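Enquirer: Got a structure for you, written out below as structure tokens; questions coming shortly.
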Amino acid sequence: ARPRPDHRGRERELPGHPMIGRENISVRLKITSATLTAADIEAGLGVKADESWKLGDRTGVFGAIEKANCYTLISTPPPTASLEEHVQSVIRRAAPIAAKIGEFAAVATIKMICTVQRKSLPPIILGRDDLRWLGVMGAQLDVEVSLVPDKERDALRAGTVDHAKKPPTTGC
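Mapping of the sequence shown onto the numbering used here: position 45 corresponds to residue 106, and the numbering continues sequentially without gaps.
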């Protein structure tokens, strides 16, 4: 499956199918509910979702059947931007409606999902204010970190790269 452009014309991953082999960071604020539809949530918040689906929809590469309705706001920086930039992007969009989002906490699950795919593990730091905003929204934090293939790192682990080019020893 090829990446498709998002609503801003930028390339993004297919739902449930990150850009494999490429460094990528994305942050999503998801509100899921078995009883409220994305349209209900959108009407209550007054902000259009970047991505949404209904209970029973088939999504992702394998056509998984969704077990809840979902309303999602997606971070806007490019995938190569820092985690902090992505988190700030979502918080800036959600801040004006944070109290309204928090009102859904009794009937919905609210999560900020940070997906980090890098060749090496980046620092994962959220500021005190970022955590306060999550609290106002009644949101959980989910950070998913995975390492993408890196030929140089993998060669070093396998011992197939010799940076020093030492001469052979004779055993004397």
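Every residue, glycine too, gets a C-beta built ideally from N, C-alpha and C.
Everything numeric in this text was worked out from a predicted model, so none of it was measured.
1) Counting only the same chain and skipping the five closest in sequence on each side, list residues whose C-beta sits under 6 Å from that of Thr137.
2) Using the C-alpha atoms, what's the distance from Val177 back to Ala169?
3) Beta-carbon within less than 7 Å of Lys109's beta-carbon, same chain only, minus the 5 sequence neighbours each way: which residues are those?
4) Roughly how many whole angstroms lie between the Cα atoms of Lys180 and Val148?
5) Quick check on Lys91: buried or exposed, where buried means 16 or more other Cβ atoms within 10 Å of its Cβ?
6) Contact check, Ile186 vs Val204 under 8 Å by CB: the rounded distance?
7) Measuring CB to CB, does Asp118 end up less than 8 Å from Glu112?
8) With DSSP run on the structure shown, which of helix, strand or coil describes Ile171?
9) At which residues does the beta strand (DSSP E) containing Glu84 begin and terminate?
10) DSSP three-state label for Ser207, please.
11) Within the segment 124-155, note down every full alpha helix (DSSP H) run reaching 4 residues or more, in order along the chain.
12) Could you please give the first and the last residue of the uninterrupted beta strand (DSSP E) stretch that includes Ser113?
13) Exposed or buried, Val197, counting other C-beta atoms within 10 Å across all chains shown (16 or more means buried)?
14) Decide if Phe123 is buried, meaning its Cβ has at least 16 other Cβ atoms within 10 Å, or exposed.
Expert: This is what the structure gives:
1) Ser150
2) 25 Å
3) Glu103
4) 20 Å
5) buried
6) Actually they are not in contact, since the Cβ atoms of Ile186 and Val204 sit about 11 Å apart, beyond 8 Å.
7) no
8) strand
9) Premise fails: Glu84 is in no beta strand (DSSP E) and is neither H nor E.
10) strand
11) 144-155
12) 112-114
13) exposed
14) exposed
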